[in-house]
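Below: the structure, in structure tokens.
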């Protein structure tokens, strides 16, 4: 048998073929290696400097932004509300105009005066000053809201809690008292530790809720933290006035569990109400925005997808991978959010979301109508001389039905996050309101009114606000005065304070 | 510069390295090629013989099975009902025992006598003979059901339609008339063309429904056919007695669309009812099993997944890939069905399904209770002398509420296939029944009964059947006699006929 060398000697072409083949393979291996290295580079996060804000919890996002320009640049993109223009050309959606039934459902409560779909984190402080719900505190006149209402609006909140020494010192007092302190837009210090840049829970209510459930929030994973920092605010909460006498203490109603049923039981057991409805006299609950709780029942949560995975997906710039801090609906950013897992066309994915929402809104609207009707029927019964004995059970049904409706309606994105749970909640609300209205029909018949109580003409926001007796002109005028006289002083004082910090350092 | 040959000459090791490297690479390429060829082999379907059943549409699955042993073997696995034992040790689930409310909802209609969860295709003929719904036709006594009821039960049906010359010839007459003709279990000839083995629509109603919608069923894809052969039977249908005088003609109510709302509108417009409820006197609709229609609203349908993809997934045996004809719940076969697309743990996938079902069943049960109560309240109103004028609108609400409940309840797997649509349907049913019950409260008050009408004690199937006035002992005895005297004769006659076919050939 011939040796390879002999073969090559006889037919040099074989030697060349071997050589060229090897060259090609080595070249391809080189390409692969390069690609692997490149991917590794992408996966590496930007260098994390250690910040030293020693004097205070730094509330100014632009200060953090000096060290984290990419995150900061994306954060201030929440200023852009142009995507809203598809609705009505405005960056705000007036929900009371969209759906005047809300005015009747929330009659006697701040939300019936004014309720806009929020514009996003960047505008949280400004929108809170602007809303009629915070009133027009000028001179000695107080806001109808307590300082607790600032809690979710700004990184000045953890700073102020720290400076005041305790949450109750922060919560107590009327809303205008912290007006000159809370000025910076939601941002870095709300969710990050400046020293380690780790995610951090800065709001006491979530820490206390975990304590109450005997859970250790320090034991959760980074992936869970990517939802929990959102859960500081995007949850159901209430103001408890018994924990610290006279202080509206911010608390989550999670002691019996995180479901709509568990929270209802919690509130019922403690005899809590947010307000008494002026038409039906029912002891009402206002659901806040139980986004985290409903998300917990979703298939996305079950698969370990965090809030940030869809609302703040990773992006790459200049070979660096970082979290996009332009917090927004994933529908504005399908490629980086949904399509990371779902290989469908973006339009198809968006239509999937709308389809779920449309199917659910049909019955949510229906439930709203039924609850409005029940309030009006209950008022008629009181007008005809109904007794508390006749009405008590009915008012409980109304309370529970509206609680369930509000829980389903107020949760941001609930109809997408957890469509089956939201549908379930709406259906249970329908059962409650049915009970109320059948009993109301009997009470009314008993009082001599055995016919339908007319549904009010609340076809516009104005008609609905007039129906519930709101003097909108006065409220708007007072607000205007407050915005012109008081707010500029707040801002001036805050600027002075912040520039004094810069001189210190 | 030295030539390669020179280099090799100087350092023979380089030549050897080149040679060995090439050998290894060629070996790996060989492995890859082999793997590709193997996969191709797996993908090739078994050789398809051309069957020649010239004399008739061959109804006997075992005859087809001689040529398609793998498909046949898997088909007759539907005989095994042992997976059911987790319920109550029996292969049958008596739905009336599970949920005695059904007896009241279907009072006056066959389903209140007897309703078992179907055991599967293998038992379709046997179960139809056994059910009390088909009665006990002995001698001159007729069944309460027409021959139309056989339509979905056996491949003897396309044979008989062919032999009789038209669908109406098959549909007309009383159920016992075809008793000796229809004996073979659902199988090959129901969905396949014996000559080409292509999927084939053998039932006239689906062909006619497509015609009515101006759609050409011959233009659909093979993938769509993998659902449409199921849609021959797993749909909502009714018996139209006007198309061919006196013949209960099988028809799908799809002229206005395939949704629950469209079918309701269709039935309302033609003034159709399945029966009159003996308690409320409401003109009722019985939903059949609108599985295909609800599946059409599902995300699986939107992604192009067919019925067969999950209920008859592909499997491999001896290097041959074929469709598993053991038609069953994908939950009994998660590895070959769900996990082809979903990379989650089987138990997690199963719990996802149960979670959706549990959330929906809570409100479906509630809706059932409300409809039962409405029937009872309406009866009370009639008993107290209510007029048709007072009751007509109420009865329409009851009709619509129960139609929607039944549509949601009767569809096999609907709560999984289309949880949001099923939830929507249940909620709309709740609105309808609320309307009915509020109006009933007023009518009853008007008639002097201004208090709740007691909910009946229907805690067991027996109590419920007694409540609606069914004489179950008599019905069971008659059925027993029928099964002992008549059915054996049917079977004997059928065997004689089939053995005469074998002699012919």
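Protein chains in written order, with the working numbering: chain D, 936 to 1440; chain F, 936 to 1440.
Just so it is clear, CB atoms sit at the ideal spot from N, CA and C, and this is done for glycine as well.
Computed from a predicted structure; not experimentally measured.
Inter-residue spacing [alpha-carbon to alpha-carbon] between residue i and residue j
i: residue 1183 of chain F; j: residue 1107 of chain F; result: 7 Å
i: residue 942 of chain D; j: residue 971 of chain D; result: 39 Å
i: residue 1221 of chain F; j: residue 1048 of chain F; result: 14 Å
i: residue 1011 of chain F; j: residue 988 of chain F; result: 21 Å
i: residue 1394 of chain D; j: residue 1035 of chain D; result: 7 Å
i: residue 1116 of chain F; j: residue 1429 of chain F; result: 6 Å
i: residue 1328 of chain D; j: residue 1317 of chain F; result: 29 Å
i: residue 1261 of chain F; j: residue 1215 of chain F; result: 43 Å
i: residue 1370 of chain F; j: residue 1252 of chain F; result: 58 Å
i: residue 1314 of chain F; j: residue 1389 of chain F; result: 12 Å
i: residue 1411 of chain D; j: residue 1033 of chain D; result: 19 Å
i: residue 1462 of chain F; j: residue 1210 of chain F; result: What the structure shows of chain F is the stretch from 936 to 1440, and residue 1462 of chain F is not part of that stretch, so it cannot be assessed.
i: residue 1075 of chain D; j: residue 1041 of chain D; result: 27 Å
i: residue 1418 of chain D; j: residue 1427 of chain D; result: 13 Å
i: residue 1141 of chain F; j: residue 1213 of chain F; result: 33 Å
i: residue 1129 of chain D; j: residue 1003 of chain D; result: 11 Å
i: residue 1381 of chain F; j: residue 1385 of chain D; result: 7 Å
i: residue 1208 of chain D; j: residue 1053 of chain D; result: 25 Å
i: residue 1285 of chain F; j: residue 1299 of chain F; result: 21 Å
i: residue 1431 of chain D; j: residue 1400 of chain D; result: 41 Å
i: residue 1277 of chain F; j: residue 969 of chain F; result: 28 Å
i: residue 986 of chain D; j: residue 1126 of chain D; result: 15 Å
i: residue 1310 of chain D; j: residue 1031 of chain D; result: 18 Å
Supposed close pair residue i, residue j - CB separation, criterion 8 Å
i: residue 1079 of chain D; j: residue 1070 of chain D; result: 5 Å
i: residue 1396 of chain D; j: residue 1038 of chain D; result: 6 Å
i: residue 1016 of chain D; j: residue 1055 of chain D; result: 7 Å
i: residue 1119 of chain F; j: residue 1090 of chain F; result: 6 Å
i: residue 1028 of chain F; j: residue 1051 of chain F; result: 6 Å
i: residue 1333 of chain F; j: residue 1217 of chain F; result: 4 Å
i: residue 1377 of chain D; j: residue 1376 of chain F; result: 6 Å
i: residue 939 of chain D; j: residue 950 of chain F; result: 5 Å
i: residue 1239 of chain F; j: residue 1158 of chain F; result: 6 Å
Whether residue i touches residue j by CB criterion (8 Å)
i: residue 1088 of chain F; j: residue 1121 of chain F; result: yes
i: residue 1187 of chain F; j: residue 1202 of chain F; result: no
i: residue 1288 of chain D; j: residue 1302 of chain D; result: no
i: residue 1077 of chain D; j: residue 1111 of chain D; result: yes
i: residue 1147 of chain D; j: residue 1190 of chain D; result: yes
i: residue 1264 of chain F; j: residue 1358 of chain D; result: no
i: residue 992 of chain F; j: residue 1416 of chain F; result: no
i: residue 1219 of chain F; j: residue 1337 of chain F; result: yes
i: residue 1281 of chain F; j: residue 1274 of chain F; result: yes
i: residue 960 of chain D; j: residue 948 of chain F; result: no
i: residue 1372 of chain F; j: residue 1296 of chain D; result: no
Residues near residue i in its chain [Cβ-Cβ closer than 8 Å; skip 5 each side]
i: residue 1233 of chain D; result: 1352, 1353, 1356
i: residue 1422 of chain D; result: 1064, 1114
i: residue 937 of chain F; result: 945
i: residue 1320 of chain F; result: 1382
Contacting residues, own chain, Cβ-Cβ under 7 Å from residue i (five flanking each side not counted)
i: residue 1195 of chain D; result: 1339, 1342, 1360
i: residue 1346 of chain D; result: 1224, 1225, 1226, 1229
i: residue 1160 of chain D; result: 1134
i: residue 1247 of chain F; result: 1258, 1259, 1260, 1262
Check: residue i C-beta below 7 Å from any heavy atom of the ligand HEM
i: residue 1297 of chain F; result: What this structure holds is no ligand at all, so the ligand HEM is not there to describe.
Chain-order list of residues whose beta-carbon lies under 6 Å from that of residue i (same chain, five-residue window excluded)
i: residue 1099 of chain F; result: 1105
i: residue 1007 of chain F; result: 1000
i: residue 1168 of chain D; result: 1087
Next on the checklist: Please list, in chain order, the residues of the region 1404–1431 of chain F that have any C-beta partner in chain D closer than 9 Å.
Outcome noted: Here the close residues number zero.
Item to check | Residues within the region 946–960 of chain D neighbouring chain F, beta-carbon criterion of under 9 Å | outcome: 947, 950, 951, 952, 953, 954, 956, 957, 960
Checklist entry - Relative to chain D, which residues along the region 1351–1372 of chain F have a C-beta separation below 7 Å, given in chain order? => result If the cut-off is 7 Å between Cβ atoms, the region 1351–1372 of chain F has 1354, 1355, 1356, 1358, 1359, 1361, 1362, 1363, 1365, 1366, 1369, 1372 near chain D.
Checklist entry - What are the residues of the region 1320–1343 of chain F that lie near chain D, defined by any Cβ-Cβ distance shorter than 8 Å? => result none
Checklist entry - the region 1224–1237 of chain F: which residues have C-beta closer than 9 Å to a C-beta of chain D, in chain order? => result 1232, 1234, 1237
Next on the checklist: What are the residues in the region 1265–1290 of chain D lying within 7 Å of chain F by C-beta distance?
Outcome noted: 1287
Next on the checklist: Against chain D, which members of the region 1381–1403 of chain F pass a CB distance test of less than 9 Å?
Outcome noted: Against chain D - using a Cβ distance shorter than 9 Å - the residues of the region 1381–1403 of chain F are 1381, 1385, 1386, 1387.
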